[in-house]
Every structure is written in structure tokens, then in C-alpha cells.
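Structure record follows, encoded as C-alpha cells.
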Amino acid sequence: MEPLNQKIDYRLYQDNLPVFSQTFETDLEVVWGIEAETEKVFRYKRPYYVLESLGASGSQELPSGAAVLHAIEHMDIEPKNVSEIVQGYTMARDEKEPERLISLQPTWYYKANGVWAQLPEEVLGGDLFGLE
Numbered sequence: 001m002e003p004l005n006q007k008i009d010y011r012l013y014q015d016n017l018p019v020f021s022q023t024f025e026t027d028l029e030v031v032w033g034i035e036a037e038t039e040k041v042f043r044y045k046r047p048y049y050v051l052e053s054l055g056a057s058g059s060q061e062l063p064s065g066a067a068v069l070h071a072i073e074h075m076d077i078e079p080k081n082v083s084e085i086v087q088g089y090t091m092a093r094d095e096k097e098p099e100r101l102i103s104l105q106p107t108w109y110y111k112a113n114g115v116w117a118q119l120p121e122e123v124l125g126g127d128l129f130g131l132e
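Residue numbers (my numbering): 1 to 132.
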């Protein structure tokens, strides 16, 4: 919620984790305003797909929170600008049935300077020599 801009963003969640995507819209944006002394929705942006039932599921282990903090400290961003770090899902088309199926892959995300970004897997891979 951004009270000064009269804007509210809603994000898709699955299993209590946020969902992000480069391909699909995963958030809903509502901008409010006042016209003729009545509060109204001025702009409404939402995705146009329908999530049906869940298909096959599995488990995947993510790097630890300590590894994520270590990775962020060694990236080209100021750690003080990072306001949130969360586990989430990346939504993408399933290559088996691209017109119908999507997949949700667990990964780490961080919010820096008000923008969400996926933590690249390369930065979580260990030291420069690959020794862990």
C-alpha cells in the first residue's frame, strides 16, 4: 500500500508464499482517487488467466537464509537498501504443455529500493572456486 500515491498492490500467493513471474502478471494494482467528492477506483490492472487445480507436486530444498544473506552482501547492491528477503515461487510456462500448464519453482527473492528481484542461483553457489 502506498497511501501518498493512493495505490494498493495485491500479489498472488501459493502455499503462503508470494509468486513472481517475468512472463505472467502475478499482481493486481488498484489506484484510488476522489472525483466529485466520491472516492473511486481510477485504475485497475489485473491478470487474465485462471488457475485451475494443482498438478504434480514435489519438494525442493533451498539454500539457507544465512547463505542468502552472505550472497546479498557480495552482490552489487547496498545491503542497507534491501528491505525484504522472502522465499517465493517463480511462475513459468511448462514446456510440456505451454498453452495450458504453468509451473511454480521455489526460489529466494529480495526487495531493494522498492523493487522485487530474484536472487540469482549463481550467487548462491559458493566461493569463486566452487568449494563448499
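In this text, a Cβ means the ideal position worked out from N, Cα and C, and glycines have one as well.
Keeping to the same chain, check which residues put their C-beta closer than 7 Å to that of residue i; ignore five residues upstream and five downstream.
{"i": "residue 44", "result": "30"}
{"i": "residue 110", "result": "72, 82, 84, 85, 117 and 119"}
{"i": "residue 17", "result": "87, 88 and 89"}
Below 6 Å CB to CB, which residues in the same chain sit around residue i once its five sequence neighbours on both sides are set aside?
{"i": "residue 28", "result": "10 and 46"}
{"i": "residue 105", "result": "90"}
{"i": "residue 130", "result": "Because the pLDDT at residue 130 is just 43, under 50, the model does not fix this residue reliably, and the value given afterwards should be weighed accordingly. So no residue of the chain qualifies."}
Between which two residues does the beta strand (DSSP E) harbouring residue i extend?
{"i": "residue 24", "result": "No beta strand (DSSP E) contains residue 24, which DSSP labels as neither H nor E."}
{"i": "residue 19", "result": "17-20"}
{"i": "residue 39", "result": "38-45"}
{"i": "residue 115", "result": "115-118"}
{"i": "residue 10", "result": "7-11"}
Nearest to residue i by alpha carbon, out of the options?
{"i": "residue 25", "options": "51, 66 and 40", "result": "51"}
{"i": "residue 80", "options": "123, 15, 114 and 8", "result": "114"}
{"i": "residue 23", "options": "35, 42 and 48", "result": "48"}
{"i": "residue 2", "options": "33, 38 and 96", "result": "33"}
{"i": "residue 76", "options": "37, 112 and 57", "result": "112"}
{"i": "residue 93", "options": "15, 21 and 7", "result": "21"}
{"i": "residue 41", "options": "8, 121 and 96", "result": "8"}
Near residue i, what residues of its chain come up, given a Cβ to Cβ distance below 8 Å and the 5 sequence neighbours on each side ignored?
{"i": "residue 5", "result": "31"}
{"i": "residue 124", "result": "63, 67, 68, 71 and 108"}
{"i": "residue 13", "result": "19"}
Can we say the stretch 92-103 touches the stretch 59-79, given the rule of at least three CB pairs closer than 8 Å? In short, these stretches do not touch, since the Cβ pair count stays below three.
Please give the ranges of any beta strand (DSSP E) in the stretch 69-101, keeping only runs that are unbroken, at least 3 residues long and fully inside the region. Within the stretch 69-101, the complete beta strand (DSSP E) runs of at least 3 residues are 82-93.
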